[in-house]
Structures are given as structure tokens and as C-alpha cells.
Amino acid sequence: MSPWTAADIPDQHGRVAIVTGANSGIGAVTARELAAHGAAVILACRDTDKGARAAATMTGDVEVRQLDLADLASVRRFADGVERVDVLVNNAGVMAVPERRTADGFEMQIGTNFLGPFALTGLLIDRITTRVVTLSSAAHRAGKIDLADLNWRNRTYRRWSAYGQSKLADLMFSAELQRRLTAEGSSVLSVAAHPGFASTELQSHTESAQGPLLAWGTRLLGQSAEMGALPTLYAATSPDVEPGGYYGPSGFGEMRGGPKPVDRTSAARDEHVAAELWTTAEALTGVTYR
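Those letters in the sequence shown? Residues 1236 to 1525, per the numbering used here, in order.
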């Protein structure tokens, strides 16, 4: 069989899609391809000027709206303005940033990468008709969930450990959401994806001495954002996705290549911790799923 590409995306006319962090990188490619195949796409961006510049390069029905996942008030305002959504793509995130807090006092990476998307999905869940796609990372393999100190208040902050925890949380959230949707008899699917080693702006925003080296390395060795977006697009549109599935690149080490089902760590499959993480997220965000 030929590798799956963006040309294999089924017709998306009649669908409304929300893509967070759609002003650059994986999110911009995801939004562009969904719109090119007929979807009405909302680019949910923290910086709407950057979002508008990205939208200007796209064809089809695209709209830019403000959303800052590091601010629950912004998440609620955004959700209040959404009437219907068929596909929600939880793409936006930060990586290995210095220790800082969100508007609500969460550690920035767990707040932006997990708690913000958790709240957004929960606020929209009664209006989502088809799929929720949540972006994880191969870095989830190095992650560990510390339920007693999810926000790094009592332990020495380590930026890469914090990133790994947030991406593990995303993967566990996606699976737990599918379990809850199934228990309710819902036809909505929750699936996860990761882009492999893709060259995007994310690597240059670590605000550390590693940033330039990491950015140079990804430009030299990483695959394009167009290739990195394929697992997300597959998860969002393919009729062959499995409930609770996880998709990433098919090449060596899941770093490059077209999309395929990929494995997750035993920690990511821990249903007991996932349920406790869900309860913790509800308490921290004040969002209870209907």
C-alpha cells in the first residue's frame, strides 16, 4: 500500500474544525489541509495577528479567534463563542520553557499542554460531533505523573521532565476520554497523535542555551511540518482510526514518515492513574464534563 498523505484526506465539506495553535508549524498545516478539503476551520490562536497572517496563506473557509490556553478565562470566552464543532484538534503547546506560571497559577507546561486543552474539551464536549484529537509526543516516554505535585511547587523544576509529564498527561487524557465516551454510548472518538521529529518553531522557543542548537538540529535532521502534521490529519479525518488510538510517524524511532498506529508506555496505559489525573484536572480547572 502507498503511504497515507494529505491527498488521502476525505472530503470535509459540512464539517467545522477547531485547531488550536494554528498560526504556525503543525497547527498551521493541519488547519490549511482541513480547509483545503472543505472544512470550515477556526484557527484558535493566542496571537491573532500571527493567526491572521497564517490564515491569509490558506484557501477555503478559515477564521481566526483568540484563545490563550494558559488562561482559563480565555478558554471559557472562546468556548462560549462556539456553537458547533465536529473536530477539535488540541494542537497548541509549549516545550521545555523556563519555570513560570499561567494566569491561573499552573506550571506553564502542564497548564498550556494539558489543563488548558482539558478545560477546552470539557467546555465544548456537548457540541463536538465527531472527534477530539490530542497531540502528545515521543517525550511522553520520559514522563512521570506526580499527582501530589502536578504543578511543580514542591520539587526542583526540570524543564524537560515537566514537558514529558505534560505530554504523558495528554496521552492519558485522550485514552480516558475515550473510555468515558464509550461508557456513555457516544459515537465521538478521542484519538491522539504525535508528529515525530518535525522542524517547527516549537524547538526555538525553549528560551535556553539549548534553543539555538535544538532548532539547528531539527532543521538539519527533522522532517517538514507538512510531514509532521500527517499523523494529526490522519487521526482527524481517516475512517480507519480506532477509538482511543495513537498515531505517529512510521519510520525508524517514530521520528519520520507517514502515519501509522504507534505504541505507548505502560505508564500511559495506567487506567487508575488516568482516572485520578482526570479528577485532579477537574478540581484544578473547575471544569466538569457533561
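Note that the Cβ used here is the ideal one computed from N, Cα and C, for glycine as well. Predicted model, so just to flag it, every value in this text is computed and none were measured.
Continuous beta strand (DSSP E) stretch holding residue i: start and end
| i | result |
| --- | --- |
| Tyr1481 | Tyr1481 to Pro1484 |
| Ala1279 | Ala1275 to Cys1280 |
Euclidean distance between Cα positions of residue i and residue j
| i | j | result |
| --- | --- | --- |
| Gly1260 | Asp1384 | 31 Å |
| Ala1374 | Arg1499 | 11 Å |
| Ala1510 | Arg1414 | 10 Å |
| Gln1438 | Gly1457 | Low confidence applies to Gln1438: its pLDDT is 46, below 50, so where it sits in the model is not reliable, and the reading given next is rough at best. Spanning the two alpha carbons is a distance of roughly 11 Å. |
| Ala1471 | Ala1338 | 30 Å |
| Thr1369 | Leu1359 | 14 Å |
| Ala1290 | Ala1410 | 31 Å |
| Lys1285 | Asn1389 | 36 Å |
Own chain residues within Cβ distance below 8 Å of residue i, not counting five before or after
| i | result |
| --- | --- |
| Gly1316 | Arg1300 |
| Phe1313 | Ala1279, Arg1300, Gln1301, Leu1302 and Leu1355 |
| Phe1349 | Ser1401, Ala1404, Asp1405, Phe1408 and Ala1516 |
| Glu1268 | Ala1241, Ile1244, Ala1464 and Leu1468 |
| Thr1364 | Arg1319, Val1320, Asp1321 and Val1423 |
Cβ of residue i within 8 Å of any chain C Cβ
| i | result |
| --- | --- |
| Val1497 | Annotation note: the requested chain C is absent from the structure, which comprises a single protein chain. |
Residues of its chain near residue i, where Cβ-Cβ distance is below 6 Å and the 5 sequence neighbours each way are ignored
| i | result |
| --- | --- |
| Gly1295 | Ala1270 and Ala1271 |
| Lys1495 | Ser1485 |
7 Å Cβ shell around residue i - same chain, five flanking residues per side excluded
| i | result |
| --- | --- |
| Tyr1398 | Met1330, Ala1331, Gln1344 and Ala1374 |
| Thr1515 | Leu1382 and Leu1385 |
| Met1490 | Gly1431, Phe1432 and Pro1484 |
| Glu1461 | Val1264 |
| Asp1246 | His1272 and Gly1273 |
| Trp1451 | In this predicted model, Trp1451 has a pLDDT of only 45, less than 50, meaning its place in the structure is not dependable; the value taken from the coordinates is given anyway. Contacts found: none. |
CB contact flag (residue i, residue j, <8 Å)
| i | j | result |
| --- | --- | --- |
| Tyr1481 | Trp1239 | no |
| Val1426 | Leu1416 | no |
| Ala1305 | Gly1357 | no |
Start and end residues, alpha helix (DSSP H) containing residue i
| i | result |
| --- | --- |
| Arg1366 | Looking at the DSSP string, Arg1366 is not in any alpha helix (DSSP H); the run it does join, the beta strand (DSSP E), is Ile1363 to Leu1370. |
| Thr1265 | Gly1260 to Ala1271 |
| Thr1356 | Gly1351 to Leu1359 |
| Along the chain, which unbroken stretches of the beta strand (DSSP E) at least 3 residues long are found entirely within the region 1376-1447? | 1424-1428
| request: Give, in chain order, every unbroken run of the beta strand (DSSP E) that is at least 3 residues long and sits entirely within the region 1291-1337. | output: 1297-1301 and 1320-1325
| Secondary structure, alpha helix (DSSP H): runs of 4+ residues fully inside the region 1462-1521 | 1465-1472 and 1506-1520
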